[in-house]
């Protein structure tokens, strides 16, 4: 409809982070691999909270000692800190696509990535949007083909199935999940997720949405508490009484981006548009912007909810912590629905489910 010159993928830039920049600089300075590797392993590198070099110097005593006592290490770290955060390489966004109402070359610079058949924007997704284009995410999921194949196989036996009309409270599906019998079930087949299912024992569709959202680096630290509160082993507590209506479905735990936005709306009187700007600011960690938002949040909490500044600060810090990795609920719900549909087929029509799955995994011998 639009033509190949109206559609492009989006560039992404990998940045030099603490460990990577140390390794690159160490190689240029011809330092021994063992010494540089030892320094790199001193730097905390949690997926949701990787430490930059200045923070490591202030927070890791052993790293600071090496820096102070070894001139070669000091030279390495000083050089690395100058380069940290700079772009290291370019790649193509896994699913992002822009579509224009005119040839994209009139709107943004393009280039040809040898790994792609499509042109790629030279602006990343932030600046693509500033150019007036909308970023679309198109995800190609093999699971959709598996579901279609299974339905076709059932049709050959005269069994008509409408996956979009399945009841979402089928006991057989939840029994399958509670026992961890989910190999081949979309999003639920990893060993860790199967253990999580057996521990949490989901009983409704909302639980599936929450687990899909929580099973990622960072939020997964809350899975044990989520399961304990769900089972009644630990009382459900809310950071503030006004948040009960927002957090009840997730047992008092922030899980979704929407909850972060609703919390700002209820506690501090934000509009949902302003709350989304708050969420974005928290995600970007821009200190000046965060300071301004904190002050506005504290004042809003005082005016709207009569919350004193100390408690408002604590609430802001709590929301900030979860905003960094909160999942979009609508995205999680779409994934959870596919998980439920594949689980339903496995529970009720395992032959067709396995046959369809194997059709698309012929290359996997296990």
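In our numbering, the protein residues as written are 7 to 372. Beta carbons are placed, not taken as given, at the ideal position from N, Cα and C, and that holds for glycine. Every value quoted in this text rests on a predicted model; they were computed, and no experiment measured them.
Using the Cα positions of residue i and residue j, report the straight-line distance between them to the nearest angstrom.
i, j, result
"residue 133", "residue 43", "36 angstroms"
"residue 148", "residue 102", "18 angstroms"
"residue 104", "residue 79", "45 angstroms"
"residue 110", "residue 122", "17 angstroms"
"residue 335", "residue 20", "27 angstroms"
"residue 257", "residue 106", "43 angstroms"
"residue 212", "residue 338", "10 angstroms"
"residue 124", "residue 108", "16 angstroms"
"residue 153", "residue 239", "37 angstroms"
"residue 200", "residue 194", "6 angstroms"
"residue 120", "residue 127", "13 angstroms"
"residue 296", "residue 59", "22 angstroms"
"residue 363", "residue 144", "22 angstroms"
"residue 319", "residue 284", "15 angstroms"
"residue 262", "residue 332", "5 angstroms"
"residue 187", "residue 252", "32 angstroms"
"residue 36", "residue 30", "10 angstroms"
"residue 87", "residue 73", "12 angstroms"
"residue 316", "residue 361", "59 angstroms"
"residue 136", "residue 13", "17 angstroms"
"residue 167", "residue 241", "41 angstroms"
"residue 160", "residue 196", "27 angstroms"
"residue 237", "residue 310", "34 angstroms"
"residue 92", "residue 139", "25 angstroms"
"residue 264", "residue 163", "43 angstroms"
"residue 38", "residue 77", "15 angstroms"
"residue 343", "residue 85", "49 angstroms"
"residue 97", "residue 118", "11 angstroms"
"residue 179", "residue 254", "24 angstroms"
"residue 158", "residue 359", "11 angstroms"
"residue 294", "residue 146", "39 angstroms"
"residue 323", "residue 169", "42 angstroms"
Here's a check: name, in chain order, each residue in its chain whose Cβ is nearer than 6 angstroms to the Cβ of residue i, leaving out the five neighbours to either side.
i, result
"residue 306", "274 and 275"
"residue 89", "22 and 27"
"residue 129", "114"
"residue 70", "63"
"residue 11", "109"
"residue 192", "149, 344, 345 and 348"
"residue 299", "284 and 287"
Which residues bound the alpha helix (DSSP H) around residue i?
i, result
"residue 133", "131-136"
"residue 298", "293-311"
"residue 120", "Neither: residue 120 is in no alpha helix (DSSP H) and is coded neither H nor E."
"residue 328", "315-329"
"residue 359", "356-365"
"residue 202", "197-206"
"residue 413", "The structure shown does not extend to residue 413, since the chain spans only 7 to 372, so no value can be given for it."
"residue 189", "Taken as a continuous stretch (DSSP letters only), residue 189 belongs to no alpha helix (DSSP H), as it is neither H nor E."
"residue 9", "No alpha helix (DSSP H) contains residue 9, which DSSP labels as neither H nor E."
"residue 152", "148-162"
"residue 34", "24-34"
"residue 285", "278-290"
Can you round the beta-carbon distance between residue i and residue j to whole angstroms, since I take them to be within the 8 angstroms contact cut?
i, j, result
"residue 350", "residue 176", "6 angstroms"
"residue 82", "residue 32", "6 angstroms"
"residue 232", "residue 259", "6 angstroms"
"residue 269", "residue 249", "6 angstroms"
"residue 208", "residue 184", "7 angstroms"
"residue 353", "residue 182", "5 angstroms"
"residue 288", "residue 326", "5 angstroms"
Beta strand (DSSP E) containing residue i: first to last residue?
i, result
"residue 94", "93-105"
"residue 431", "Residue 431 lies beyond the stretch modelled for the chain, which goes from 7 to 372, so this question has no answer here."
"residue 171", "Unbroken run through residue 171: none, as it is neither H nor E."
"residue 177", "No beta strand (DSSP E) holds residue 177; the alpha helix (DSSP H) holding it covers 177-184."
"residue 14", "13-21"
"residue 248", "Residue 248 -> no beta strand (DSSP E), and no H or E assigned at all."
"residue 47", "First-last for residue 47: 39-47, but that is the alpha helix (DSSP H), not the beta strand (DSSP E)."
"residue 141", "141-143"
Which same chain residues end up closer than 8 angstroms to residue i when comparing Cβ atoms and leaving out the 5 residues on each side of it in sequence?
i, result
"residue 313", "246, 273, 307 and 321"
"residue 229", "202, 205, 206, 217, 220 and 221"
"residue 301", "none"
Might you give, ordered along the chain, the residues of its own chain that have their beta carbon closer than 7 angstroms to the beta carbon of residue i, omitting 5 neighbours on each side?
i, result
"residue 278", "267 and 271"
"residue 25", "46, 49 and 51"
"residue 131", "16, 99, 102 and 141"
"residue 373", "For the chain, the structure presents residues 7 to 372; residue 373 sits outside this window and is missing."
"residue 328", "260 and 266"
"residue 189", "195"
"residue 155", "362 and 365"
"residue 112", "none"
At least one CB of chain B closer than 8 angstroms to the CB of residue i: is that the case?
i, result
"residue 92", "The structure shown has no chain B; it contains just one protein chain."
### Message
Suppose only complete runs of 4+ residues qualify. What are the alpha helix (DSSP H) ranges in the region 210-241, listed by chain order?
### Response
211-220 and 229-237
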